[in-house]
Amino acid sequence: MKKIKINSFAVLAFVVTFIFTTFNANANQTRENVIKRGSLNCGVSQGVPGFSNADASGKWAGIDVDLCRAVAAAVLGDANKVKYSPLSAKDRFEVLKAGDIDVLARNTTWTLSRDGGLAVDFVGTNFYDGQGFMIRKAANINSAKKLNNVKVCVETGTTTELNLRDYFKQQKLKYEPVAFTKADEAVAAYDAGRCDVYTTDKSGLAANRTKLKNPADHLILPETISKEPLGPVVRGNDENWANIVRWTLNVMIEAEEYGITQANIDSLKSTEDPAIKRLLGLEGETGKNLSLANTWSYNIIKQVGNYAESYNANVGPKTPVGLARGQNASWRNGGLLYAPPVR
Amino acid sequence: MNISDIKHWLKKNLFSNWYYSLISLFIFYLLLITLPPFLDWALIKATFIGNSKTDCQPGGACWVFIKVWFEKLIYGFYPEKEIWRVNLAFLILISTVTLAFFVKSKFKIYILFFLIFIFPLIGFTLINGGFGLERVETRVWGGLTLTFILTFFGIIVAFPLGVLLALGRRSELPIFRFFSILFIEFWRGIPLLTVIFAAAIMFPIFLPANSNVDKLLRVAIGISIFEATYVAEVVRGGLQSLPKGQYEAAKSLGMGYWKMNFLIILPQAIKTVIPGITNTFIALFKDTPLIILVGLLEILGMINLAKSNSYWLGLATEGYVFVAIIFFVFSFSLSKYTQSLEKKYNTEKQ
């Protein structure tokens with residue numbers, strides 16, 4: 000009996016060492032693995048309008064999807080070599096840590112507890128979201144500061160509910176929450192007139208407005224009462240890979256700043272501007288620092304486009320989501336988007 | 000049937016005394032206030048023709064949504080040009096099951112053998128690829144196809160495993176009995192959601208990173224084991240309902256353990272618990288949408304994806320009604336099919 004016990008301990012020890020060595024061997028190899036595999040595994044949502052969504056032909060689109068495509072363009076030279084995994088909010092970090100996906104681009108809020116506590120790295124913000132309010136135009140209220148004695152439709156058990164409470168407390172205003180477990184229920188109740196106001200993140204407000212009977216009768220108030228910076232996430236043990244995803248996003252933002260678009264990039268090849276030349280891979284060795292070919296940034300802009308193109312195609316005013324740029328405008332236009340220099 | 004017959008039928012079935020009349024009237028009232036608005040929405044004001052949400056009339060159901068997304072709802076992200084393979088696999092399955100109705104009973108054992116041992120290999124090769132067929136990763140399997148695959152896999156694994164566990168639990172050898180009890184009680188004691196989550200997320204953490212056991216396979220095995228323990232308890236109920244004389248008679252004929260169980264005990268026991276087993280399998284079928292939690296999109300997951308496409312927002316009701324109809328049709332058929340089996344094998348009470 001005793002002998003068996005020792006043997007099983009030996010086996011256990013062997014297995015544990017084996018696991019740890021294989022894990023360590025796998026650190027810092029995401030780029031090599033992606034190149035060897037010939038495709039990028041990207042974790043997306045199970046359907047968030049404008050962020051990551053499939054259409055009836057099975058093609059994925061959205062600003063998060065564009066980020067995946069941009070990373071594939073940078074690393075593999077082909078934006079179409081992406082395999083999408085639609086993840087739930089509950090399993091997204093676990094799937095990333097287990098190595099099933101290389102990038103998590105699933106409208107994930109960047110917070111200290113996640114960045115510091117989960118062995119993952121947030122590498123930037125590709126959408127500044129925040130909680131807002133929607134109200135009927137007939138109510139003649141144009142600011143969240145004037146909301147008093149209102150009924151507010153809200154989803155339970157979310158930070159949305161907590162932010163709502165904090166906001167009204169700070170403003171010393173009165174409100175009555177009407178809570179629902181699903182966004183669709185809250186929207187339907189608001190539409191049926193059970194509340195005066197509906198609150199959720201602004202990207203959600205805009206998308207949910209299209210579900211109402213007469214979307215044009217409703218107004219999204221300008222105030223944003225919480226910070227929800229959404230961004231791509233990678234495993235915490237691979238600095239090279241984190242840099243690749245971070246600078247892919249930065250290239251898209253900087254390309255907008257310099258007015259480089261999918262359409263005009265080839266005509267800019269004769270430019271004298273060194274910053275544009277660097278973004279086109281014609282000057283400097285930007286790729287070398289990331290262990291990529293120097294055409295990486297050119298491929299991103301040529302195949303996916305700059306940030307503005309991606310934004311306007313997926314969530315901009317001409318799409319059903321219909322979001323104005325707001326705080327997602329470039330810093331030159333008074334927004335928050337500011338990329339460190341690609342040089 | 001003439002008017003007096005109808006009157007007689009009404010009186011006998013709906014208005015035989017005052018409280019039956021009251022209940023009948025109440026039910027009529029409920030139907031009257033719910034059915035017309037639903038039919039108005041689902042059929043009369045509904046839109047069937049078109050290609051986008053803008054073609055739909057307000058106030059009615061937008062079945063265009065289901066029509067446009069139909070292929071995705073049935074096949075998930077399975078590549079379009081390979082869809083014939085899925086169709087062929089299901090054609091084989093359906094024709095074999097139908098064939099079983101028409102052949103003589105001595106051939107039925109061969110059909111059963113085919114369904115349990117041969118068909119899974121054929122079906123898997125067709126859907127997954129191999130032998131010259133292009134490989135299709137399980138990642139893109141989805142929609143109703145995935146629902147069926149999981150249910151079928153669950154049934155053919157859970158049933159034999161469940162029967163073995165039930166026998167084990169009643170075994171006279173303490174090791175088998177103890178192990179079976181432990182196994183059954185453990186798996187029955189944890190929620191299915193936990194099993195699925197552990198199979199998909201936790202399990203790979205304990206494996207070396209490059210040994211890739213497919214996620215769908217892990218989840219399917221997890222669900223099958225979970226359901227097997229329910230089957231085991233149902234079958235145990237059947238075993239306990241048999242009089243001791245059956246065991247003694249079999250033994251006195253000189254039968255060994257396996258011969259006794261497979262020829263005398265199990266055929267009688269399983270026959271009595273067909274309703275319970277059907278129940279378990281219908282529950283299994285209806286539990287499959289839980290896999291959405293680990294990123295596998297069966298039909299309900301595909302509806303969730305479709306209804307949140309920017310150009311199709313606000314059509315959740317149509318989607319859920321469609322899924323409800325699909326689930327009802329298949330659960331009801333399964334239940335009808337097993338009822339016919341029950342009648343057929345109800346030999347004592349004829």
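Residue numbers (numbering that gives the first Met the number 0), protein chains in the order written: chain A, 0 to 342; chain B, 0 to 349.
Glycine included, C-beta positions come from ideal geometry on N, C-alpha and C.
Just so it is clear, the structure is predicted and the values come from calculations on it, not from any experiment.
Do residue j and residue i come within 8 angstroms of each other at the CB atom, strictly closer than that value?
i	j	result
residue 122 of chain A	residue 231 of chain A	yes
residue 239 of chain A	residue 289 of chain A	yes
residue 315 of chain A	residue 322 of chain A	yes
residue 60 of chain A	residue 313 of chain A	yes
residue 308 of chain A	residue 261 of chain A	yes
residue 226 of chain B	residue 279 of chain B	yes
residue 194 of chain A	residue 150 of chain A	yes
residue 146 of chain B	residue 324 of chain B	no
residue 277 of chain A	residue 208 of chain A	no
residue 350 of chain B	residue 75 of chain B	One cannot answer for residue 350 of chain B here, as it falls past the ends of chain B, which runs 0 to 349.
residue 284 of chain B	residue 150 of chain B	yes
residue 220 of chain A	residue 269 of chain A	no
residue 88 of chain A	residue 203 of chain B	no
residue 202 of chain A	residue 105 of chain A	no
residue 234 of chain B	residue 165 of chain B	yes
residue 129 of chain A	residue 226 of chain A	yes
residue 309 of chain B	residue 271 of chain B	no
residue 49 of chain A	residue 244 of chain A	no
residue 264 of chain A	residue 279 of chain A	yes
residue 306 of chain A	residue 251 of chain A	yes
residue 142 of chain B	residue 216 of chain B	no
residue 95 of chain A	residue 42 of chain A	yes
residue 314 of chain B	residue 61 of chain B	yes
For a contact meaning CB atoms closer than 7 angstroms, what does residue i contact in chain B?
i	result
residue 201 of chain A	In chain order: nothing, as chain B lies at least about 15 angstroms away.
residue 86 of chain A	294
residue 232 of chain A	The premise fails here: residue 232 of chain A is roughly 16 angstroms from chain B at the closest Cβ pair, so nothing lies under 7 angstroms.
residue 183 of chain A	315
residue 82 of chain A	138
With which residues is residue i paired in a DSSP beta bridge?
i	result
residue 259 of chain B	Partner(s): none; residue 259 of chain B has no beta bridge.
residue 107 of chain A	A:230
residue 19 of chain B	According to DSSP, residue 19 of chain B bridges with nothing at all.
residue 95 of chain B	None, per the DSSP bridge assignment.
residue 40 of chain A	A:82
residue 126 of chain A	A:229
residue 140 of chain B	B:75
residue 132 of chain B	B:129
residue 46 of chain B	B:61
residue 162 of chain B	Paired residues: none, contrary to the question.
residue 297 of chain B	B:142
residue 329 of chain A	A:336
residue 67 of chain B	Bridge partners of residue 67 of chain B: none, in fact.
residue 102 of chain A	A:41
Could you give the residue range of the beta strand (DSSP E) that holds residue i?
i	result
residue 133 of chain A	130-135
residue 102 of chain B	Segment: none, residue 102 of chain B is in no beta strand (DSSP E) and carries neither H nor E.
residue 343 of chain A	The structure shown does not extend to residue 343 of chain A, since chain A is modelled only from 0 through 342, so no value can be given for it.
residue 154 of chain A	149-154
residue 119 of chain A	119-121
Given 7 angstroms as the limit, tell me if residue i has its C-beta closer than that to any heavy atom belonging to the ligand SAH.
i	result
residue 278 of chain B	Absent from the structure shown: the ligand SAH. Ligands present: none.
Which residue marks the beginning of the alpha helix (DSSP H) containing residue i, and which one marks its end?
i	result
residue 3 of chain B	2-12
residue 157 of chain A	Here residue 157 of chain A belongs to no alpha helix (DSSP H), and DSSP marks it neither H nor E.
residue 277 of chain A	273-278
residue 97 of chain A	91-97
residue 320 of chain B	315-344
residue 285 of chain B	273-286
Would you mind telling me which residues of chain A sit closer than 7 angstroms to residue i, beta carbon to beta carbon, in chain order?
i	result
residue 76 of chain B	57
residue 73 of chain B	Going along chain A, no residue has its Cβ under 7 angstroms from residue 73 of chain B, so there is no contact; the nearest lies around 12 angstroms.
residue 204 of chain B	97
Please compile the residues from chain B whose C-beta is within a distance smaller than 8 angstroms of the C-beta of residue i.
i	result
residue 316 of chain A	Within chain B, no residue comes near residue 316 of chain A; the closest Cβ sits about 13 angstroms away, beyond 8 angstroms.
residue 52 of chain A	304, 307, 308, 309
residue 210 of chain A	312, 313
residue 46 of chain A	303, 304, 305, 306, 307, 308
At 9 angstroms on the CB atoms, spell out the chain B contacts of residue i, in chain order.
i	result
residue 206 of chain A	307, 309, 312
residue 180 of chain A	Going along chain B, no residue has its Cβ under 9 angstroms from residue 180 of chain A, so there is no contact; the nearest lies around 14 angstroms.
residue 102 of chain A	Within chain B, no residue comes near residue 102 of chain A; the closest Cβ sits about 15 angstroms away, beyond 9 angstroms.
Starting from residue i, find everything on chain A with Cβ-Cβ shorter than 8 angstroms and list it in chain order.
i	result
residue 200 of chain B	90, 93, 94, 97
residue 68 of chain B	55
Whole beta strand (DSSP E) runs in the stretch 161-240 of chain A with 3 or more residues, listed along the chain?
If you keep only unbroken beta strand (DSSP E) runs of at least 3 residues inside the stretch 161-240 of chain A, you get 174-179, 196-200, 217-219, 227-234.
Every unbroken alpha helix (DSSP H) within the stretch 46-76 of chain A, with a cutoff of 4 residues, ordered by chain
Counting whole runs of 4 or more residues, the stretch 46-76 of chain A contains the alpha helix (DSSP H) stretches 62-75.
Mind listing, in chain order, the continuous alpha helix (DSSP H) runs of no fewer than 4 residues lying wholly within the stretch 169-255 of chain B?
With a minimum length of 4 residues, the continuous alpha helix (DSSP H) runs that stay inside the stretch 169-255 of chain B are 173-188, 191-196, 214-240, 243-251.
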